[in-house]
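Peer 1: Take this structure first; my questions come after.
Numbering (my numbering), first residue to last: 0 to 70.
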């Protein structure tokens with residue numbers, strides 16, 4: 000039982016690491032095509048404008064960065 004719990008915790012951490020690397024702010028920077036494809040917004044600048052506008056209202060998270068919460 001302890002082995003299974005340990006294995007599940009390791010898998011959970013691995014999946015969290017994959018997610019944290021997938022959609023960071025830097026992944027969108029300079030890539031208007033990716034921004035358009037994933038958000039429908041026209042550009043990175045528009046994404047950041049919207050993020051800056053909404054960021055005071057985003058919930059704080061111990062796991063996700065504020066940008067990740069937004070995206």
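Ideal placement from N, C-alpha and C gives every residue a C-beta, glycine not left out.
1. Can you tell me the Cα-Cα spacing of residue 59 and residue 0, whole angstroms?
2. At what residues does the alpha helix (DSSP H) containing residue 0 begin and finish?
3. Are the CB atoms of residue 26 and residue 102 within a distance shorter than 7 Å?
4. Pick helix, strand or coil for residue 41, following the three-state DSSP scheme.
5. Using a Cβ-Cβ cutoff of less than 6 Å, which residues in the same chain neighbour residue 51 once the five nearest sequence positions on both sides are dropped?
6. Measure the C-alpha to C-alpha separation of residue 12 and residue 24 and round it to an integer number of angstroms.
Peer 2: Well, looking at it:
1. Each residue's alpha carbon lies about 34 Å from the other.
2. For residue 0, there is no enclosing alpha helix (DSSP H), as DSSP gives it neither H nor E.
3. This structure cannot settle anything about residue 102, because the visible part of the chain is limited to 0 through 70.
4. In the structure shown, residue 41 falls within a coil segment according to DSSP collapsed to helix, strand and coil.
5. Cβ neighbours of residue 51 beyond the five flanking positions: none.
6. The C-alpha of residue 12 lies about 21 Å from the C-alpha of residue 24.
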